[in-house]
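**Q** In the working numbering, the protein residues as written are 56 to 151.
Here a beta-carbon is modelled for each residue, glycine too, at the ideal position from N, C-alpha and C.
Before I ask anything, let me first share the structure, which is written out below as structure tokens.
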Amino acid sequence: MATEFDPRIGDWYQVTETGDQFEIVAVDPDDQTVEIQYFDGTVEELDMDAWRELPIVPGEPPEDWSGSLDIDREDYGVDLELSRHDGWTNPLDSLE
């Protein structure tokens, strides 16, 4: 299955066969290459022919930013389930 998507820096895609997510991080029109970075931080360079043969669909950037950091969820140092502390107040609310 060939892709019809033109590579653009910052676009995210998902490989349909494996579910791997990646972002386009560089496109070199002179060398006809595309550099992609997978969620786990691995960078791969593809020529345009290889890019056109990838079985991909457009994707969204992952909400979990830890992919390339190689740490467990428990080690983030923050509670990802809470959006803010209950006692938190906006300092701008106290300005007169």
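Judging by CA-CA distance, which residue of 88, 74, 63 and 94 is the nearest neighbour of residue 110?
**A** 74
**Q** Is it the case that the Cβ atoms of residue 67 and residue 115 are separated by a distance below 8 Å?
**A** Yes, these two residues count as a Cβ contact at 8 Å.
**Q** Which whole-angstrom value describes the C-beta separation of residue 98 and residue 70, a residue pair presumed to lie in contact below a C-beta threshold of 8 Å?
**A** That pair is no contact at about 15 Å.
**Q** If you reduce the DSSP assignment to three classes, tell me which class residue 146 lands in.
**A** helix
**Q** In whole angstroms, what separates the C-alpha of residue 102 from that of residue 88?
**A** 4 Å
**Q** Can you give me the C-alpha to C-alpha distance between residue 144 and residue 117, rounded to a whole angstrom?
**A** Approximately 29 Å between the Cα atoms of the pair.
**Q** Exposed or buried, which one is residue 64 when buried takes at least 16 other CB atoms within 10 Å?
**A** exposed
**Q** What residues in its chain sit with their C-beta under 7 Å from that of residue 62, if we drop five residues either side in the sequence?
**A** Cβ contact annotation for residue 62 (same chain, cutoff 7 Å, sequence separation greater than five): 79, 82, 89 and 106, in chain order.
**Q** Per DSSP, residue 88 forms a beta bridge with which residues?
**A** 83 and 102
**Q** For a test of the three-state rule: what should DSSP assign to residue 78, helix, strand or coil?
**A** strand
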